[in-house]
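In UniProt numbering, the protein residues as written are 1 to 651. The beta-carbon is built from N, C-alpha and C at its ideal position, and this holds for glycine as well. Just so you know, these numbers come straight off a predicted model, no measurement behind them. Below is one structure, written out as structure tokens, with a few remarks after it.
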């Protein structure tokens, strides 16, 4: 038994020194197959986390980490776990374990616990490696059919060669590449290791790169038709994908395209994989819940129905806790098509030719004119034989000023040259003022004024504009914001299905509708917005907010690193701009795109020439009604006053 322990220590030591350097190793101890760590001379290269399954329960009290907090978190989320799952979760999260070594009958328990732990942990790695050691020849039949061997590419199986002495070890790996129908989880021989002299027979790589050529392996995408990000066209010609939702029907073969779908299809062109999609539950972006369930496209990934989900998936941090995300694909801005400004017709129309400060200046000038005429008239009377009171002079100045302001002549006679010059000066000033006012009023009636559009966040708040979309995904990124303005507009946000939105867009002229602003001048517009509807809408000047879209993938997806590198090349080569323009031109309504873009430069709804109606003169009529009312009140006052005077004189 001692020699067996030494031999196993040698082979594990050799593998660790060559392939597991600069990583933290989780070593699962097994009583049937021991490794003597004293013979392992690689402790200076990395940390080793020892997990002994025989005393798991008792060792929790001695650990320095707070496992009670972890247990509470998992229980609150409704997640199942055992002692090994807890240990692995904490090892991954706190020590960043990336290499795992386990033996014999512990392999099955480890695989189940690791799958859970890799999802429970907030930290994750792109370079996990697994070393499984066993003695029995037929032991590999117990676990090689597990989906784990189908989904992971860096698995090394170490077993003793039963046909020779116990110092020879057979090294195998899972296939991973190739179509799934060809059982890519079958094992592939790599090399032999001789423990006696610590040498390999062929010196082959024990962790070969299986992702450089996937040899037709299927990559399953969860997504729905959302243009221009993801385009799905069903037909019989030019098909480049297969929809699992339709099985073997004629609709199974599809043509996919899109600004983000092109990244995936290009990835498979480079690395020789096959793109399949599954739209069975992808009717929306969906959501992932803390108990590792979900709905929509994201739910399909977390439930292992698909490997990747694309189609304007924002970098939602809530979903990132259960999934992995790629490097950013597109910068997307959420904005709105809001009602175009309407023509202003109100009783304030007579006041609009002058600004408020100018009206104050005019009122000040008239006051100065009244005071000047009052003093001039009083001094004129003092120089003549007919003297008048200050009250009479004020009435004269007040009446004369109003008459001059409305271009009416007076009937009083003045003899003083001073008063005549002052009247002439006031008359000239009033002519200039009334001419300017008349010209401004004519301009407003000729070139109509429009109300302020709700084309900014502040404008939406001011108008209390109701706006709508077809999913919560449009606003989920700002639901927990501390911005009072965002919370203010969220109060007026509503969710409807596409049919309801189409009706609202046609019947409601006071509602906004969400669209996405792409980085190179195009828009993702819902089909419920027709060209006729857009004629009465205007694109906002600014985005409500923006996010970077990503591809969400399942945890520990081996292709994520290569996929991220491709995205780097994609942006560096300018392909994101090229494919946006090309895909929009081929798959979207270009007229609608130009129509929305044109609303940026139009500040009003273009209804053409409009005939003037009574509403245009509401303000003038209001002034007339006010004047008649004041005159009637004055007339009643004079009649009443005269009545009491006559009655008093008769007494």
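Annotation note: the segment 298-372 contains the following uninterrupted beta strand (DSSP E) runs of length 3 or greater, listed N- to C-terminal: 308-314, 330-339. Judged by DSSP in its simplified three-state form, residue 255 adopts strand.
When the Cα atoms are used, residue 597 and residue 518 turn out to be separated by approximately 12 Å. Counted as a single uninterrupted DSSP element, the stretch harbouring residue 81 is not any beta strand (DSSP E), since DSSP gives it neither H nor E.
Secondary structure in the segment 464-511: the alpha helix (DSSP H) runs of 4 residues or longer, each lying completely within the stretch, are 484-490, 498-507 in chain order. Of the other Cβ atoms in all chains shown, 16 or more fall within 10 Å of the Cβ of residue 583; this residue is therefore buried.
Residue 244 is not bridged by DSSP to any residue. Taking the Cα positions, residue 428 is about 36 Å away from residue 636. Only exposed fits residue 247, as fewer than 16 other CB atoms lie within 10 angstroms of its CB. For residue 460, the three-state secondary structure derived from DSSP is helix. Secondary structure note for residue 591: it is in no beta strand (DSSP E), and the uninterrupted alpha helix (DSSP H) holding it is 590-598. Cβ-Cβ distances below 7 Å link residue 433 to 362 in the same chain, with the five nearest sequence neighbours on each side left out; the list follows chain order. For secondary structure counted as the alpha helix (DSSP H) over 4 or more consecutive residues, the segment 531-559 holds these complete runs in sequence order: 531-534. When 191, 416, 400 are compared, the shortest CA-CA separation from residue 409 is found for 400. Nearest to residue 139 by C-alpha distance, out of 154, 187, 243, is 187. Beta-bridge partners of residue 234 (DSSP): 254. Beyond the five residues adjoining it in sequence on each side, residue 18 comes within less than 8 Å, by CB distance, of 206 in the same chain, given in chain order. At a Cβ-Cβ threshold of 9 Å, residue 486 and residue 457 count as neighbours.
In terms of Cα proximity to residue 510, the closest of 338, 461, 563 is 338. By the Cβ neighbour-count rule, residue 360 is exposed, with fewer than 16 other Cβ atoms within 10 Å of its own.
Three or more pairs of CB atoms, one per stretch, sit closer than 8 Å, so the segment 8-15 contacts the segment 186-200.
Going by C-alpha positions, residue 525 is about 30 Å away from residue 293. Between residue 89 and residue 117, the gap from beta carbon to beta carbon is short of 9 Å. A check of alpha carbon separations from residue 190 across 498, 286, 169 identifies 169 as the nearest. Under DSSP, residue 294 forms a beta bridge with 288.
Collapsing the DSSP output to three states places residue 263 in a helix. For residue 52, the beta-bridge partners assigned by DSSP are 29.
With contacts defined by Cβ atoms closer than 9 Å, residue 319 and residue 287 form a contacting pair.
In this structure the segment 330-337 does not lie against the segment 348-357, because fewer than three pairs of beta carbons, one per stretch, are closer than 8 Å. Sequence-distant Cβ neighbours of residue 475 in its own chain, meaning closer than 7 Å and more than five residues away, are 490, 493. Put simply, the backbone Cα of residue 644 is about 25 Å away from that of residue 389. Residue burial annotation: residue 127 is exposed, with fewer than 16 other C-beta atoms found within 10 angstroms of its C-beta.
Shown here, residue 275 sits in a strand according to DSSP, grouped into three states.
Comparing alpha carbon positions, the residue from 272, 323, 224 closest to residue 278 is 224. Assignment of residue 583 by DSSP, reduced to helix, strand and coil, places it in the helix class.
Residue 398 and residue 404 have their C-alpha atoms spaced approximately 10 Å apart.
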